[in-house]
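Residue numbers (the numbering used here): 330 to 554. Glycine included, each C-beta is placed from N, C-alpha and C at the ideal position. Structure first, commentary second.
In C-alpha cells form, the structure reads like this:
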C-alpha cells in the first residue's frame, strides 16, 4: 500500500498515480450545457467539442483554461457550455463508466480501497470508522468496500480521491487541485478506457506534467479565476 500512498505529492503523472503500472490514461470530466431552467437539466460537453468550437487543439496535456475563451470558469460560453468541469472531484457518470471498464481488470472487485481527503467538509459519518493514510502532504480517510459501492460514493461529498482494488491491478487518482483524473493499469486496461464511448481520455506517460501550464500546444491564457 505504501506505493499507492505516495500519490498526490508532485507535478508529474507518476507523482499523482504510483509509477508502477504498464500504462496510464488521463480521463477528462465533461463540462455541461443547460437544456432547461431547472437544476439538473444539462447535457455533457466534451473537452474535444469545446476545443474544436474555439479553434483549439485537443491533446493529452490540454488544459481547460487553454481551450475555452471564457473570461472565467464561472461565466461559460453561451450556446457552448455553461458549467465548467469540477476540480478535485470525479463526476458520477464518468465514475460509473470507469467502474464498468475497470471491474473486469481486477480479481478483487469485492475488495477495494477508497481514500478521501480529510479536508472535505462532510466527514462525520466516516471519521470514527475509517482508517487513516498519508498521500504526500495530505491526510486521508481510508475505507474498504467493493467496487460496486463506488457508484454510491461518487453521489456524495465523500467522493474518493484515490481508489484501487486489493490486487492493485489499477489505481484511479483525482487530485484535489486538478480537473482530470488519472488511471494507471495494464496495457489492456488502459486501452479499454481509451476505447470506451462513455469516456473522454488520452494516454499519458508517468513523466508528463500535470501542472496548469503543461499545455504547450494551445495559447496560454491568464491564470484561471
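- Have a look at 389, 416 and 471 and flag the residue whose alpha-carbon is nearest the alpha-carbon of residue 402. Nearest C-alpha to residue 402: 416.
- Just the Cα atoms here: how many angstroms apart are residue 496 and residue 348? In a straight line, the C-alpha of residue 496 is about 16 Å away from that of residue 348.
- Message: Comparing C-alpha positions only, which one of 443, 532 and 545 sits nearest to residue 351?
- Response: Sorting 443, 532 and 545 by C-alpha distance to the C-alpha of residue 351 places 532 at the top.
- Touching or not, the stretch 387-398 and the stretch 437-444, by the rule of three or more beta carbon pairs under 8 Å? Below 8 Å, too few C-beta pairs join the stretch 387-398 and the stretch 437-444 to call them touching: fewer than three.
- Residue range of the unbroken beta strand (DSSP E) whose run includes residue 473: From DSSP, the beta strand (DSSP E) with residue 473 extends over 467-474.
- Name the residue from 475, 362 and 470 whose alpha carbon lies nearest to the alpha carbon of residue 373. Closest by alpha carbon: 362.
- Message: Excluding the 5 residues flanking residue 503 on each side, which residues of the same chain have their C-beta closer than 6 Å to its C-beta?
- Response: Around residue 503: 419, 490 and 510.
- In angstroms, rounded to a whole number, what distance separates the CA positions of residue 370 and residue 412? Approximately 12 Å between the Cα atoms of the pair.
- Message: Looking only at its chain, what residues have a beta carbon closer than 7 Å to the beta carbon of residue 334, apart from the 5 residues adjacent to it on each side?
- Response: A caution first: residue 334 carries a pLDDT of 48, below 50, which makes its placement in the model unreliable, though a value can still be read off. Contacts found: 462, 463 and 464.
- Query: Just how far apart, CA to CA, sit residue 521 and residue 430?
  - Reply: Spanning the alpha carbons of residue 521 and residue 430 requires a straight line of approximately 7 Å.
- Item | Simplified DSSP assignment, three categories, for residue 336 | Unreliable positioning characterises residue 336 in this predicted model, as indicated by a pLDDT of 45, which lies under 50. A coordinate reading is not provided.
- Query: By Cβ distance below 7 Å, which residues in the same chain neighbour residue 276 in space, the five residues on each side in sequence not counted?
  - Reply: The structure shown does not extend to residue 276, since the chain is modelled only from 330 through 554, so no value can be given for it.
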